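Residue numbers (mature numbering (1 follows the signal peptide of the UniProt record, and there is no 0)): -20 to -1, 1 to 415.
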């Protein structure tokens, strides 16, 4: 990976070489000064910068977290190459300023740009690192974490009309968070989730080093593919295997067969060639569906999005990646609500919590599973003990997201970030040595 700017590189490598031997007092000013010496000044937005607010809100997807009382950050770094990301990490560690990473800003709890507790932190916004480099012959692509899904799909379509990538639907979702949390979409039944198709990645670790798959090791490479990349470092880019895509049909055999017979009579397609599936071959009793529809008709009601699983996504074992929701999972449920700025959202939030509680007996149990990319702080939050996140506190929410994979994630964390520099309210804790 090429790193530009000889002066910035000289300063950066000086920081890297002296970090371990020259301690520094915690200092917000020191962090700003350190960064200003290592990266172009126009890439750094402090709270006094005229453009600070506009850059901050540029990818805040939930206005609930756009008020001054809920966004507490020291500055925003907008790197344009890998050396700027390295500098942010090294300067942060020297000055006890933690780093949060934002790619698309879709974190449901806003933890990519805010903290739910008092903490000195800066945001590294990857929006300028959004390149997509497609190798049509190999059917692969290197995708920067700051790219959006819309940008990824556009770049792939420009390169080839026969290639696609298994990932989500919303075009403004950032690749970095989407991939590192699992990443499911419309092609999951044929190609699995996004991380099932990741071949390699580059990661800036807590020491400012750039690591590829081989350098980071098997455990860490396993961990960032579904275990939340922000816990282990800053993932700069991902190498993805593309999928051959022709078409998708959503309909019944009664409408499909006449169409195919008129367009492709030589195929001789008949009903025995069709496998029709209902919207949900449901384990939820009909009387419960009646109650669910009643919930959806209440005042201040939102909606439920049900994504069917099965097929390829269920083939790997639960331990293949940190994303454990495989065989036997019928569908993923997302609960959602909306409100205008004229209200505080309390009624809509209460509806969400009540419906979520109502569904408890009809979904997975021991634990009630949750999807890491649908982050929910109500499942539990980390507790920091002696400047390191508690493993036992992390298990409370972690086993809901990752089931039996949580301990292995903590082991990987201990290898790449034993001092717990990269952390937030639901980051993976290091596994204690006694475990």
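We put the beta carbon where it would ideally sit given N, CA and C, even for glycine.
Keep in mind it's a predicted model, so treat the numbers as computed, not measured.
In the DSSP assignment, the residues bridged to residue 26 are 55.
For residue 316, the enclosing beta strand (DSSP E) begins and ends at 311 to 316. In the assembly as shown, residue 253 is an exposed residue. Its beta-carbon has fewer than 16 other beta-carbons within 10 Å. Inter-segment contact for the stretch 64 to 75 and the stretch 118 to 138 is absent: fewer than three beta-carbon pairs are separated by less than 8 Å. The C-beta distance from residue 23 to residue 405 rounds to 27 Å, too long to fall under 8 Å, and the pair is not in contact.
Boundaries around residue 80 are those of the beta strand (DSSP E), 78 to 82, since no alpha helix (DSSP H) includes it. For residue 323, no alpha helix (DSSP H) encloses it, and the DSSP letter there is neither H nor E. Counting of Cβ neighbours within 10 angstroms places residue 278 among the exposed residues, the total staying below 16. The Cβ atoms of residue 400 and residue 368 lie closer than 9 Å to each other. Scanning its chain for C-beta atoms nearer than 6 Å, with the 5 sequence neighbours on each side dropped, one finds around residue 153 the residues 84, 86, 129, in chain order. For the pair of segments examined, the stretch 310 to 318 was found to touch the stretch 280 to 293: the number of CB pairs separated by less than 8 Å reaches three.
Our two residues, residue 62 and residue 178, have alpha carbons roughly 20 Å apart in a direct line. Residue 211 and residue 398 have their alpha carbons spaced roughly 11 Å apart. In the structure shown, residue 180 falls within a strand segment according to DSSP collapsed to helix, strand and coil.
Burial check for residue 384: the Cβ neighbour count within 10 Å stays below 16, so the residue is exposed. Taking a contact as a CB-CB distance under 8 Å, the pair residue 125 and residue 173 does not count as one, their CB atoms being some 17 Å apart.
Under DSSP, residue 284 shares a beta bridge with 315. At the C-beta level, residue 186 and residue 396 come within 9 Å of one another.
Ranked by how close their Cα comes to the Cα of residue 366, the residues 388, 412, 321, 100 have 412 in first place.
Shown here for residue 319: same chain residues with a beta carbon closer than 6 Å to its own, the five before and five after excluded, namely 325, 328 in chain order. Apart from the 5 residues on each side of it in sequence, residue 376 sits with its Cβ closer than 7 Å to the Cβ of 360 in its chain, given in chain order.
Comparing C-alpha distances from residue 8 to each of 47, 31, 68, 42 shows the shortest one belongs to 68. Of 317, 407, 66, the smallest CA-CA separation from residue 189 is found for 66.
With distances taken between CA atoms, residue 52 lies nearest to 36 out of 64, 36, 292.
Unbroken beta strand (DSSP E) stretches of 3 residues or longer found wholly inside the stretch 69 to 132: 78 to 82, 101 to 105, 112 to 115, 120 to 124, given in chain order. For residue 217, the secondary structure class from DSSP, reduced to helix, strand or coil, is strand. Contact between residue 176 and residue 296 holds: their C-beta atoms lie close to 7 Å from each other, under 8 Å. A straight-line Cα-Cα distance of about 16 Å links residue 203 and residue 374.
In this structure residue 323 is exposed. Its beta-carbon is surrounded by fewer than 16 other beta-carbon atoms within 10 angstroms.
Listed in chain order, the alpha helix (DSSP H) runs fully inside the stretch 144 to 197 are 155 to 161, 168 to 171, 193 to 196, counting runs of at least 4 residues. Across the structure, residue 237 and residue 149 are spaced so that their CA atoms are roughly 28 Å apart. Counting along the chain, the unbroken alpha helix (DSSP H) around residue 237 starts and ends at 233 to 243. Its Cα nearest to that of residue 216, the residue 127 stands out among 127, 389, 338, 20. Judged by beta-carbon spacing, residue 106 lies within the 9 Å limit of residue 82, meaning their Cβ atoms are closer than that value.
Judged by DSSP secondary structure, residue 267 falls within the alpha helix (DSSP H) whose first and last residues are 266 to 276.
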